[in-house]
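J.:
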Amino acid sequence: METLLNDFSPGLFAVVTILLLALIALMVKFAWKPILNSLEERESGIENALAAAENARKEMQNLQADNEKLIKEARAERDAMMKEAREIRDKMIADAKEDAKEVTASLIEKAQASIEHEKQSALAEIKKNVAELSIGIAESVIKKELSSKKDQLELVEGLLKDVTLN
Amino acid sequence: MKIAQKSIKFILIVAVALFTSVNFAAISEKNQDDQNDGGRVNTKEEVEAYILHHIKDSHDFSLFSYTSDEGERKHVGFPLPIILWTSEGLVTFMSSEFHHNDDGHEIVEKGGFKFAKIHSKIYELDKGASEVTFDETHHATNAHKVLDFSITKSVVGVLLIGLLLLFWFSRLARQYKTQKIPTGFARVLEPLVIYVRDEIARPNIGEKHYRRFTGYLLTVFFFIWLLNLAGLTPLGFNVTGQLAVTACLAIFTLVIYSVSGTKGYWMHMIWMPGVPVLIRPVLAIIELAGALLIKPFSLLVRLFANISAGHIVVMSLIAIMFTLKQSLGIVGATGLSLVLSFFITLIEVLVAFLQAYIFTMLSALFIGMAVEDHAEHH
Chain S
2 METLLNDFSP GLFAVVTILL LALIALMVKF AWKPILNSLE ERESGIENAL
52 AAAENARKEM QNLQADNEKL IKEARAERDA MMKEAREIRD KMIADAKEDA
102 KEVTASLIEK AQASIEHEKQ SALAEIKKNV AELSIGIAES VIKKELSSKK
152 DQLELVEGLL KDVTLN
Chain W
40 MKIAQKSIKF ILIVAVALFT SVNFAAISEK NQDDQNDGGR VNTKEEVEAY
90 ILHHIKDSHD FSLFSYTSDE GERKHVGFPL PIILWTSEGL VTFMSSEFHH
140 NDDGHEIVEK GGFKFAKIHS KIYELDKGAS EVTFDETHHA TNAHKVLDFS
190 ITKSVVGVLL IGLLLLFWFS RLARQYKTQK IPTGFARVLE PLVIYVRDEI
240 ARPNIGEKHY RRFTGYLLTV FFFIWLLNLA GLTPLGFNVT GQLAVTACLA
290 IFTLVIYSVS GTKGYWMHMI WMPGVPVLIR PVLAIIELAG ALLIKPFSLL
340 VRLFANISAG HIVVMSLIAI MFTLKQSLGI VGATGLSLVL SFFITLIEVL
390 VAFLQAYIFT MLSALFIGMA VEDHAEHH
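Residue numbers (this note's numbering), protein chains in the order written: chain S, 2 to 167; chain W, 40 to 417.
Written as structure tokens, this is what we have:
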């Protein structure tokens, strides 16, 4: 202990105290303050950059989700439109078919009616022609046999009653 | 630009080399008439004396000494200025005037005073005395110590390491102005700074207050570490093994944690809440002794003892070369000493870091105890 105390030099203590005070002051001013500030700046910069990257990633995800939603919607819309179009087409075809059927049916009907009509009128004409012709023939025949027109007509009518056409 | 810088460096190195060689020559001429054998170290007693002399502070910066072909003892090193505050004012001269004498036989007369150097301490002789007389226990009877503000070897070490720290870290600080990530040697320094900040200051002091004390802790950490390492070089500094230096560091820590201590910290120390009133004064004495004496004392003794012990062990192992020369032969003794001192030096490199870490860590811990908010515990 005595040698330790003997070795302790108050002068060295004073000199080192002054030097150390100066060193701490200088180091704090010229080294530690700028170094620690720069380190903190850099660290907060890195933190901010990481946070920004994270945000960007989330935004990207949101965008992607939005995109997917949009695509899905568009696809659904397209499907609906396609379906509608198909339905319209089918309906149109069906309608057209129906119409065509109706038209043809009526046409056929009309044609049949007119054919019938024509047939009737043709038959009537034929009847008339045949009658006239028969009358003419009969007239000429009977002119010879019957002198009165009255007798002749009675004869023809009697004949016609017996004869049915066809 | 780079070539210019290199050539400037080269010129500086040459200039220093020339200057020192001239100086060495001057010193060695003066030492021709030394009375003793000039510090040859051969016997066990001389080894012991040499080691004890080495761990003390020194007024010369001696690098090595040798015996020339003519048989004269030459010392190679620098003289350092001696600055004394005597009973009647300031006296300065160069340490070379003592001619490497350390047992009080060389008397230097300056400004009407006579000075002698005994075991690395400078004594002022009483008026009328012409040489130092000793009693049986080898204490000077007619001389007393003076306040010695000399630029001793330790002061040179502090200055060198201080300038080195300033140079390195201000360069690191300047690099941040132009780039985010430092390059070159500064890149090695940056993680060390971050280490002290994040592993020592931040966890021990707490997130809220650590910023204020990081500057001090960083300075102390690098100061102690580099001085410890400088002590392992052949330059032979033993700065952190000087009680005055470690005491100075410990008192800095004491002052910092006492000044920045919160009201709660002092209240807990002087009038501990939550214990019977009668016990409080007893606790106050224990707590005050702990904070003001034991904490700084443990800091200063731990560093001093570890570094001094390291120096003594390394030098003792080197001294095996001389002490075991008889029994092992020159080759055996030298080999044994080489191997042992090599491994112990490796351990000392670790200790150099460890002691700097422990000193800084404990300082941070004590500061953290003083500034933490006590309110939350009750």
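Even glycine gets a Cβ: it sits at the ideal position worked out from N, Cα and C.
As the structure is a prediction and not an experimental result, all values here were calculated from the model.
#1: Would a check of beta-carbon distances place S:Leu-51 closer than 8 Å to chain W?
#2: Beta carbon of S:Ala-125: closer than 7 Å to some heavy atom of the ligand FMN?
#3: Please confirm if W:Gln-71 has its CB atom under 8 Å from at least one CB of chain S.
#4: Could you work out which residue in S:Ala-26, S:Leu-13, S:Ala-15 and S:Asp-8 is closest to W:His-202 when comparing CA atoms only?
#5: Report yes or no: do three or more beta-carbon pairs, one from the stretch 255-271 of chain W and one from the stretch 376-383 of chain W, lie closer than 8 Å?
#6: In this structure, what does DSSP give as the bridge partners for W:Lys-153?
#7: Which chain W residues sit within Cβ distance under 7 Å of S:Ala-15?
#8: Sorted by chain position, which residues of the same chain lie with C-beta nearer than 6 Å to W:Lys-83's C-beta, five sequence neighbours on each side aside?
#9: Any idea which residues DSSP pairs W:Tyr-105 with across the strands?
#10: Compile a chain-ordered list of the residues in the stretch 8-33 of chain S whose CB is closer than 7 Å to at least one CB of chain W.
#11: Whole angstroms is fine: what's the gap from S:Ile-136's alpha carbon to S:Val-157's?
#12: Measuring CB atoms only, is the stretch 287-301 of chain W touching the stretch 9-28 of chain S, in the sense that at least three cross pairs come out at less than 8 Å?
#13: Can you list, in chain order, the residues of the stretch 262-293 of chain W whose Cβ is nearer than 9 Å to any Cβ on chain S?
#14: May I ask which residues mark the beginning and end of the beta strand (DSSP E) holding W:Glu-163?
#15: Could you check whether the Cβ of S:Leu-37 sits closer than 8 Å to any Cβ belonging to chain W?
#16: Taking the C-alpha atoms as reference points, what is the distance between W:Thr-217 and W:Phe-260?
#17: Distance cutoff 8 Å, beta carbons only. Does W:Gly-201 sit that close to anything in chain S?
#18: Of the residues that make up the stretch 120-151 of chain W, which ones have a beta carbon closer than 7 Å to any beta carbon in chain S?
#19: So W:His-177 is in the alpha helix (DSSP H); what residue range does that whole segment cover?
#20: Please confirm whether W:Ala-212 has its beta-carbon closer than 8 Å to some beta-carbon of chain S.
#21: Quick one: what does DSSP say W:Pro-335 is sitting in, helix, strand or coil?
#22: Which residue spans inside the stretch 255-326 of chain W form an unbroken alpha helix (DSSP H) run of at least 4?
#23: Could you name the residues that DSSP lists as bridge partners for W:His-426?
#24: Please report the Cβ distance between W:Ile-121 and W:Thr-106, rounded to the nearest whole angstrom; I am assuming they are in contact, meaning their Cβ atoms lie under 8 Å.
#25: Taking Cβ to Cβ, would you say W:Leu-375 is nearer than 8 Å to W:Ile-359?
#26: Terminal residues of the continuous alpha helix (DSSP H) containing W:Gly-128?
#27: Which one of W:Gly-150, W:Asp-174 and W:Ser-134 has the shortest CA to CA distance from W:Ile-161?
#28: Leaving out the 5 sequence neighbours to the left and right, which residues in its chain are closer than 8 Å to W:Ser-355 when beta-carbon positions are compared?
#29: Select from the stretch 328-352 of chain W all residues with a C-beta closer than 7 Å to any C-beta belonging to chain B, and list them in chain order.
T.: If we stick to the structure as given:
#1: no
#2: With respect to the ligand FMN, the structure offers nothing, as it holds no ligand at all.
#3: Any reading at W:Gln-71 is ruled out, since the residue's pLDDT is 38, under 50, leaving its predicted position unreliable.
#4: Reading off the sequence, residue 202 of chain W comes out as Leu, not His. When each option's Cα is compared against that of W:Leu-202, the closest is S:Ala-26.
#5: no
#6: W:Glu-148
#7: Phe-188
#8: Thr-362
#9: W:Lys-113
#10: Asp-8, Phe-9, Ser-10, Pro-11, Gly-12, Leu-13, Phe-14, Ala-15, Val-16, Val-17, Thr-18, Leu-20, Leu-21, Leu-24, Ile-25, Leu-27, Met-28, Val-29, Phe-31, Ala-32 and Trp-33
#11: 8 Å
#12: yes
#13: Phe-262, Val-278, Gln-281, Leu-282, Ala-283, Val-284, Ala-286, Cys-287, Leu-288, Ile-290 and Phe-291
#14: 160-164
#15: yes
#16: 27 Å
#17: yes
#18: none
#19: No alpha helix (DSSP H) holds W:His-177; DSSP gives it neither H nor E.
#20: yes
#21: helix
#22: 282-298 and 302-309
#23: Beyond the ends of chain W as shown, which are 40 and 417, falls residue 426 of chain W; an answer cannot be given.
#24: The Cβ separation is near 27 Å, so there is no contact.
#25: yes
#26: Run containing W:Gly-128: none in the alpha helix (DSSP H); it sits in the beta strand (DSSP E), 128-133.
#27: W:Ser-134
#28: Val-86 and Ile-90
#29: Protein chains S and W are contained in the structure displayed, whereas chain B is not.
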